[in-house]
Amino acid sequence: AAGRPLPAQPHRRRPPSPRPRARRPRRPRRPSRVLPKSRGPRRLRQSRRQNPTSLRPSQRQKPTLLLSRPIHMCTSSKVDMVKHSRSVRLVSFGLGLLACSACTVFDHEIFETCKTNAQCVTRLSTGGQNVPAVCVHDSPEVSRCVQLTSEDCTVVTGDYTDDSAVLIASLLSTTGAQAATNTSRQQAAIMAVEEINSTSASGGIIQSAAPGDARKLVMVSCDEVANFGRVTTHLVTDLHVSAIVGPNLSQHMLDLTSGNPAMGVPSSAQAGVALLSPAAVAAAIATVPDNGLSFMMVPSDIQRVPLLKARINAVEAGLKTIRAKSTIKLGIWYRNDALSTGTLQGLSTLTINGMPLSMAIATGKAREDGYALSSTDNSPQVQSYLQFRPDIIVISGTAEAVTYFVNPLEAQWPAGVPKPYYIAIDSTKVPDLLSSVAGATDDLRLRWSGTGVTPPPESVPVFSAFQIAYGQRWKDAMGNPQPATQSGMGPAYDTVYTIALSLVGKRDVAGANIAGGMPNLATNTQNCMSDANGVKAPCFTVADHARTLYTNMSMLLDSKPVTEIGTFGRLEWDNQGAKSNGLIEVWCVDGTGPKPIFASSGLTYDVKTQSLAGTYTPCGPCPTPPCGP
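In this note's numbering, the protein residues as written are 34 to 662.
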């Protein structure tokens, strides 16, 4: 009311101005409107006074990025940086609301969250086509839907809608020159997944003693040839698979372990993904820094070299007799990558014609020639070898060495000149070689031999059972069982069982837990005993899954000592991820059946004891004995 005294002020009043201030005339008051509790920054509030979409395109403000602003998410103590565009006014308006309201809706706008795999399948499936997908959890707060299949990954095994399933992958060269070999390896791995998931076995990976508490396996199978950076990014970065069966190429194994930014390849070691290769043999795999996550399922090239050198010298001695020569010529045709590094290193101490290899090269009696994996035309090298006319050619390569070097060399070899004998590594033991032999009209089959893994005595029935099961699961176009004699098929099968057995009782399926569980597969120190049904506990074989897999996993769950026997030896590694046991043989090509097949010569080398056993017997039949050296 007028004249009412003012209340006492607790602070000093401002002194009066020496002269009265002029007051600006007051604007007419606008009608009141309801505003949000927090109106946000002044600039953004003014910009909403006109609708940008009502302006002509030439008058509209082009979207420009504001500086990054820290946004505290209500589900985490971390700070997420989100970039906003001036043209997206609703997002800017949401920033003003963030300070005083819950941010659950805002989180959902930033991340396309998911809860179940089935939800992702529904979300990504369009046009009536079912799209395999999973819900990938980047953290407890962040999840996203990711399609399982891609340009490189076309096969999925297992129920991908199962939220408790363990996601793994196979990564093999299923296209290109090595397609036939690696398709067989992929099929062997698929068969192992199906067996482990079967209710007639364990019904998955046992997690506890509670009935039915088991986790199935889901495997996405991919090709490593087309674009290695793209496919590894999909598996490691996008899908976060726990383990990979592969790669089969030694160089790719090294690239993926360490990461190769130039190729766009992530580091599996840094991402925590376990790599178990059924075919890579480079000894460098055991020494590269890998956080203890990269393993070989077969002995390395360095471990095989003693038998390779013994075979070279045996053929040398035989040809000197058969061809009445005092000296012979040796050629070494090798793929110029990690596959051949250990082999070349081991052969550097080879003695040929009574002299070191280096001297034989210097005197024109030997030569080494490398080639690129991508090379499909080796015409200059073929012509050079036609002039050199070697008696023995050592092959360190895969199918491409047969297709793009041996075949054209054989086709152009001069008539009447004795042809070379080929001594190869295990990687050359491929269907392409058998096809080449089957189409030959001369003694090419008898001139091939090589070194490779073979089952030790206790694994012979395991590998035999695997071969029978494989032939029943996979048939050719005529319904006939497909053979299982190519290299790496048994190890690919063993790899899946290794992953599953290592994860028994583990809720966390990260690669580190797989690696941590692998030593538990070789803890029994007692000799394995057998009865009419096979080996007895605590020894188990991977092929006897229907009878013993549940018991096997139950013993692992109770931390009891076991011995796991695979198709090519015990599942046992040294502390660098290399196989600590294995048996190497000299193989040859048998022609007694309707089709040529790989067979054992009888000469073996024990990796653990480093000792030779048996004698070399050429594969028959021999049209004109002797069959050769």
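The beta carbon of each residue, even a glycine, is placed where N, CA and C say it ideally should be.
Query, Result
"Which ranges would you report for the alpha helix (DSSP H) in the region 270-302 if only whole runs of at least 4 residues count?", "283-291"
"Go to Ser373, then tell me how far its alpha helix (DSSP H) extends in each direction, as first and last residue.", "371-380"
"State the DSSP-derived secondary structure class of Cys153, mapped to helix, strand or coil.", "helix"
"Provide the residue span of the alpha helix (DSSP H) that contains Val495, from first to last.", "493-506"
"Grab the span of the beta strand (DSSP E) containing Thr596 for me, first residue to last.", "596-599"
"When we look at the beta-carbon of Asp323 and count the other beta-carbons within 10 Å, is it buried (16 or more) or exposed?", "buried"
"Rounded to whole angstroms, what's the CA-CA distance from Phe328 to Ala313? Just pull it up for me.", "9 Å"
"Could you check how far apart the C-beta atoms of Leu287 and Ile277 are, in whole angstroms? I think they sit under 8 Å.", "Their Cβ separation, rounded to whole angstroms, is 14 Å, which puts Leu287 and Ile277 out of contact at 8 Å."
"Tell me which residue opens and which closes the beta strand (DSSP E) that Ser254 is part of.", "250-256"
"Is the Cβ of Gly602 closer than 8 Å to any Cβ of chain D?", "Given the protein chain composition of this structure (a single chain), no chain D is represented."
"From the DSSP secondary-structure annotation, give me the bridge partner or partners of Lys628.", "Looking at the DSSP assignment, Lys628 forms no beta bridge with any residue, so it has no partner."
"Among Asp577, Gln559, Ser231, whose alpha-carbon lies nearest the alpha-carbon of Ala565?", "Asp577"
"Do you know offhand how far Ala202's Cα is from Cys255's?", "7 Å"
"Taking Gly483 as part of the alpha helix (DSSP H), name the residues at either end of that continuous run.", "Unbroken run through Gly483 is the beta strand (DSSP E), 481-487; no alpha helix (DSSP H)."
"What do you get for Asp465, buried or exposed, if any count of 16 or more other CB atoms within 10 angstroms of its CB means buried?", "buried"
"With 16 as the cutoff for other CB atoms within 10 Å, does Ser310 come out buried or exposed?", "buried"
"Hey, Leu604 and Ala555 are a contact pair by Cβ (cut 8 Å); roughly how many whole angstroms apart?", "6 Å"
"Per DSSP, Arg18 is paired with what?", "Nothing in the structure corresponds to residue 18, since the chain is present only between 34 and 662."
"Use the C-beta contact count for Arg478: other C-beta atoms within 10 angstroms, 16 or more gives buried, fewer gives exposed.", "buried"
"For Ala198, tell me which candidate among Ser275, Ser381, Leu467, Ser592 has the shortest Cα-Cα distance.", "Ser275"
"Taking Cβ to Cβ, would you say Leu677 is nearer than 8 Å to Ala399?", "Residue 677 lies beyond the stretch modelled for the chain, which goes from 34 to 662, so this question has no answer here."
"If contact is defined by three or more beta carbon pairs under 8 Å, each pair taking one atom from either stretch, is the region 335-354 in contact with the region 365-380?", "yes"
"I need the DSSP call for Ile458, collapsed to helix, strand or coil.", "coil"
"Just to confirm the assignment: which complete beta strand (DSSP E) runs, minimum length 3, are found wholly within the region 382-460?", "399-404, 425-429, 454-457"
"Would you tell me roughly how many angstroms separate the C-alpha atoms of Met586 and Lys593, rounded to the nearest one?", "10 Å"
"Compare the beta carbon distance of Pro571 and Val537 with 8 Å and say whether it is the shorter of the two.", "no"
"Please confirm whether Asp459 and Thr436 have their CB atoms less than 8 Å apart.", "no"
"By how many angstroms is the C-alpha of Val251 removed from the C-alpha of Ala132?", "Since pLDDT at Ala132 reaches only 40, below the 50 mark, its modelled position is unreliable, and the value read off the structure follows with that caveat. If you take the alpha carbons of Ala132 and Val251, they lie about 43 Å apart."
"According to DSSP, what are the bridge partners of Ser235?", "Answer is none; Ser235 lacks a bridge partner."
"Where does Gln336 sit, in a helix, a strand or coil, going by DSSP?", "helix"
"Using a Cβ-Cβ cut-off of 7 Å (strictly less than) and excluding sequence neighbours within five positions of Gly292, which residues of its own chain qualify?", "Val298, Pro299, Ser300, Gln303"
"What would DSSP say about Glu142, mapped onto helix, strand or coil?", "Bear in mind that a pLDDT of 33 at Glu142, under 50, signals an unreliable position, so the model cannot answer this."
"Could you name the residues of the same chain whose beta carbon sits closer than 6 Å to that of Ser206, not counting the 5 residues immediately before and after it, in chain order?", "Asn215, Glu257, Val258, Asn281"
"Tell me which residue opens and which closes the alpha helix (DSSP H) that Asp527 is part of.", "522-535"
"On the DSSP letters alone, give me the boundaries of the alpha helix (DSSP H) that Ile223 sits inside.", "212-230"
"What does the Cβ neighbour count give for Ala350, buried or exposed, with the cut at 16 atoms within 10 Å?", "exposed"
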